[in-house]
Amino acid sequence: MADYLVIVESPAKAKTIGKYLGKKYIVKASMGHVRDLPKSQMGVDVEENFQPKYITIRGKGPVLKELKTAAKKVKRIYLAADPDREGEAIAWHLAHSLNIDEQSDCRVVFNEITKQAIKDAFKTPRKINMDLVDAQQARRILDRLVGYNISPLLWKKVKKGLSAGRVQSVAVKMIIEREKEIQAFVPEEYWTIQGKFSLGDEAFDAKFYGVDGKKQELKSEEEVQAVLKQLKGKSFDVASVKKKERKRNPVTPFTTSSLQQEAARKLNFRAKKTMMIAQQLYEGIDLGKEGTVGLITYMRTDSTRISETAQNETRQYIVEQFGEEYTRVGQRAVKKDKKAQDAHEAIRPTAVFKDPKSLKSYLSRDQLRLYRLIWERLVASEMAPAIMDTMSVDLVNEGVLFRATGSKVKFPGFMKVYIEGNDDGKKEEDRLLPNLEEGQKVKKESIDPNQHFTQPPPRYTEARLVKTMEELGIGRPSTYAPTLDTIQKRGYVALEEKRFVPTELGEIVLELIVEFFPEILDVEFTAKMEGDLDSIEEGNHEWVHIIDGFYQGFEKRLKVAEEEMKEVEIKDEPAGEDCEKCGHEMVYKMGRYGKFMACSNFPECRNTKAIVKDIGVKCPTCKEGNIVERKSKKRRTFYGCDRYPECEFISWDKPISRPCPKCSAMLVEKKTKKGVNVQCSSCDYKEEAN
Numbered sequence: 001m002a003d004y005l006v007i008v009e010s011p012a013k014a015k016t017i018g019k020y021l022g023k024k025y026i027v028k029a030s031m032g033h034v035r036d037l038p039k040s041q042m043g044v045d046v047e048e049n050f051q052p053k054y055i056t057i058r059g060k061g062p063v064l065k066e067l068k069t070a071a072k073k074v075k076r077i078y079l080a081a082d083p084d085r086e087g088e089a090i091a092w093h094l095a096h097s098l099n100i101d102e103q104s105d106c107r108v109v110f111n112e113i114t115k116q117a118i119k120d121a122f123k124t125p126r127k128i129n130m131d132l133v134d135a136q137q138a139r140r141i142l143d144r145l146v147g148y149n150i151s152p153l154l155w156k157k158v159k160k161g162l163s164a165g166r167v168q169s170v171a172v173k174m175i176i177e178r179e180k181e182i183q184a185f186v187p188e189e190y191w192t193i194q195g196k197f198s199l200g201d202e203a204f205d206a207k208f209y210g211v212d213g214k215k216q217e218l219k220s221e222e223e224v225q226a227v228l229k230q231l232k233g234k235s236f237d238v239a240s241v242k243k244k245e246r247k248r249n250p251v252t253p254f255t256t257s258s259l260q261q262e263a264a265r266k267l268n269f270r271a272k273k274t275m276m277i278a279q280q281l282y283e284g285i286d287l288g289k290e291g292t293v294g295l296i297t298y299m300r301t302d303s304t305r306i307s308e309t310a311q312n313e314t315r316q317y318i319v320e321q322f323g324e325e326y327t328r329v330g331q332r333a334v335k336k337d338k339k340a341q342d343a344h345e346a347i348r349p350t351a352v353f354k355d356p357k358s359l360k361s362y363l364s365r366d367q368l369r370l371y372r373l374i375w376e377r378l379v380a381s382e383m384a385p386a387i388m389d390t391m392s393v394d395l396v397n398e399g400v401l402f403r404a405t406g407s408k409v410k411f412p413g414f415m416k417v418y419i420e421g422n423d424d425g426k427k428e429e430d431r432l433l434p435n436l437e438e439g440q441k442v443k444k445e446s447i448d449p450n451q452h453f454t455q456p457p458p459r460y461t462e463a464r465l466v467k468t469m470e471e472l473g474i475g476r477p478s479t480y481a482p483t484l485d486t487i488q489k490r491g492y493v494a495l496e497e498k499r500f501v502p503t504e505l506g507e508i509v510l511e512l513i514v515e516f517f518p519e520i521l522d523v524e525f526t527a528k529m530e531g532d533l534d535s536i537e538e539g540n541h542e543w544v545h546i547i548d549g550f551y552q553g554f555e556k557r558l559k560v561a562e563e564e565m566k567e568v569e570i571k572d573e574p575a576g577e578d579c580e581k582c583g584h585e586m587v588y589k590m591g592r593y594g595k596f597m598a599c600s601n602f603p604e605c606r607n608t609k610a611i612v613k614d615i616g617v618k619c620p621t622c623k624e625g626n627i628v629e630r631k632s633k634k635r636r637t638f639y640g641c642d643r644y645p646e647c648e649f650i651s652w653d654k655p656i657s658r659p660c661p662k663c664s665a666m667l668v669e670k671k672t673k674k675g676v677n678v679q680c681s682s683c684d685y686k687e688e689a690n
């Protein structure tokens, strides 16, 4: 008979830990929370210091019964939920349900699921940290007070199924404000002058910088022509050459936010997908003879520090694989963000010698891609800086100055393993210049003026929105993915070309919340509330005091809103065609996956149709239908024949009207990181898009 019962959240975690602990331990899963506030009512007694009313979650009765039965057969119970506020709260609820003394040393925490980490954790069990529990309770109660008071108002005044929350409302506000910036943006004209020069057989580019040593911006074609008229002949003097050696330091290991951003940039993963796969890697992967092993440390963190053991192991790997010169000298300075809780380490591999190549046969494609990203980031963080040779050259003709800049990697350092992505997807490349010296003359090959217009700020991608929320102190690592998921499910925003666009419904709801609950949407207020929750966790404030301070003002606004908020009728927009089933007018509706067409005679007629866009290309399969643009359930654009299901032609790439000159098959537009190429859907023909 086993002596100890260990309770974790998931069966995968239970399976991994059970193999490490041996026969004296039974390891079971609670399947997350076992108690929560009821869904059917507020569940918070405002009159009694906001005391929560917890009930057993529907469907968790059999789980609790199994845990209680197992608890009777053992000498001691350990609660080993995740090492954060949510995990601490799960442990506290389990202690209450199983009559465990929360003052006893029943809580076990570990940042990684490896044999040594598990054994070390069970040597030092502790009491349940009530400060962590109170911080989680405060967030839950705060969100319940907001959501369960404002949401019914929105149901009554706008439509059923809507919701409002502190963090999600601010995220929607940010997306809508960005859209307003884009709509209000007035482009401004500006010009650049690009020059091509040569020294002997070596050619290089330089850009117009200014006149008589002073930088000059070109706002019009007249200004450009004035500069060009000043130039004489084809010879430019090399006025100055500046050569420097520049160090570039590696980035730090991943936090939750930076992992979500980089996975979006490099792997095209949504935040939700990134966290799901990271959870799998954390809880354990079956590595054959080695058994189930947790491959990464806990994935909800805002810290960039790593343990001394991990540092030493990583440095050893670098020396063995790349040589001593690639190892960073001295300790990496860890800058702690004031908003960071720094509860545990950065996200890193649990064993750096388990490189991606050695795990390829055990991981799915997406698991391997995310693990490789995390592994490379850690290794790079402990490597030496890259050293770049940079060169800046000024070329002068009649006082007109062109400047050329070049750089090349002298020593790759960390760049041998990993280079951080960027939001525009551009790759870094060496820009080489000839070995120029002051006093030399170079030949002008061509001078090309180019007209440009300033661009509006870009719409938020998931990565950019997460980064901005983190910078503003809105939300915490565990909230980013569910927040982005919720605002899309509610129909407040949609993803178009991987960027957030607000919907009419989102704008209507936001307008009402701005009018009656401005503090909910105030970025500084929301960030301060996150800070208050952190202070509860640190034991500096009582949670009831924080909630009460918020609720006093909120309650007054709620009463005003109930009396003064007007009903909003969202009229269905005519779609311009009739229903083929009953003859009534079709209208546009907003659904979970964006707009669609539905019969106005609902519920008598339930006919619905996806909104399609004719792209002016005949179907290459049936030769009769037209190709239309459609959206998948995951909002991904694809192209198909409008005669579907009679014709089943489908393409993820956009077809174009002309045939391939080589084989006469269909040409398509293929998106790449560098732009859009035109290529054949059948043969190897390829061309640059106009």
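First residue of the sequence shown? That's 1 in full-length UniProt numbering, and the numbers climb one at a time after it.
Just so it is clear, CB atoms sit at the ideal spot from N, CA and C, and this is done for glycine as well.
Fair warning: this is a prediction, and the values are worked out from it, not measured in the lab.
I'd like the list of long-range same chain contacts for LYS89, defined as Cβ closer than 6 Å, with 5 residues on each side in sequence excluded. Residue identity differs from the one stated: residue 89 is Ala in this sequence, not Lys. The residues are VAL133 and GLN136.
Tell me which residue opens and which closes the beta strand (DSSP E) that GLN451 is part of. 441–453
Where GLU9 sits in the DSSP three-state scheme: coil
Apart from the five residues just before and just after ASN690, which ones in its own chain have a Cβ nearer than 7 Å to its Cβ? The predicted model places ASN690 with a pLDDT of 43, which falls under 50 and marks its position as unreliable, so this point remains unresolved.
Could you tell me whether the Cβ atoms of ILE650 and PHE638 are closer together than 8 Å? yes
Report all residues from its chain with a CB closer than 8 Å to the CB of ASP205; omit the five preceding and five following residues, and keep chain order. GLN194, GLY195, LYS196, PHE197 and ALA404
Between the region 381–398 and the region 239–257, can you find at least three pairs of beta-carbon atoms closer than 8 Å? yes
How about the region 298–306 and the region 73–90: do they share at least three Cβ pairs that are nearer than 8 Å? yes
Label TRP543 either buried or exposed according to how many other C-beta atoms from any shown protein chain fall within 10 Å of its C-beta, with 16 as the threshold for buried. buried
Put ARG246 into one of helix, strand or coil per three-state DSSP. strand
Counting only runs that start and end within the region 597–636, where is the beta strand (DSSP E) found for 3 or more residues in a row? 613–618 and 626–631
Supposed contact pair VAL560 and PHE516 - C-beta distance, whole angstroms, cut 8 Å: 7 Å
Tell me the rounded alpha-carbon separation between THR16 and ARG630. 44 Å
By Cβ distance, which residues of its chain are closer than 6 Å to LYS75, with the 5 residues on each side in sequence left out? ASP3
Which same chain residues, not among the five before or five after ASP642, have their C-beta less than 6 Å away from its C-beta? GLY625, ASN626 and VAL628
Span of the alpha helix (DSSP H) around ALA263: 256–267
Indicate whether GLY43 and ARG144 have their beta-carbon atoms separated by less than 8 Å. yes
Please report how far the alpha carbon of VAL501 lies from the alpha carbon of VAL293, in whole angstroms. 41 Å
Which residue's Cα is closest to the Cα of VAL251: TYR460, ARG377, ILE26 and VAL34? ARG377
What does a CB cutoff of less than 7 Å around ARG248 pick up in its chain, not counting 5 residues either side in sequence? PRO385, ALA386 and MET388
Could you pull out every residue in the same chain whose Cβ sits closer than 7 Å to the Cβ of ARG178, ignoring the five residues on either side in sequence? PRO457, ARG459 and TYR460
Would you mind reading off the limits of the beta strand (DSSP E) that contains GLU573? 573–578
Could you please give the first and the last residue of the uninterrupted alpha helix (DSSP H) stretch that includes PHE185? No alpha helix (DSSP H) contains PHE185, which DSSP labels as neither H nor E.
The beta strand (DSSP E) that contains ASP205, what's its start and end? 202–211
MET388 in three-state terms, based on DSSP: strand
Within 8 Å, strictly: CB atoms of ILE296 and GLY506: no
So what's MET42 in DSSP terms, helix, strand or just coil? coil
If contacts are defined as beta-carbon pairs under 8 Å, then THR327 and ARG315 qualify, I think. What distance do you get, rounded to the angstrom? 5 Å
Which one or two residues does DSSP pair with ILE55 in a beta bridge? ASP36
Identify the continuous alpha helix (DSSP H) that holds GLU66 and give its terminal residues. 61–71
CB of GLU445 within 8 Å of CB of ALA203, strictly: yes
Short check: CB of VAL442 to CB of LEU199, under 8 Å? yes
I'd like the list of long-range same chain contacts for LYS266, defined as Cβ closer than 6 Å, with 5 residues on each side in sequence excluded. GLY421
Got a sec, what are the start and stop residues for the beta strand (DSSP E) PHE411 sits in? 400–411
Applying the 10 Å Cβ sphere with the 16-neighbour rule, what's the burial state of ALA310? buried
So, with DSSP's three-state summary, where would you put LEU142? helix
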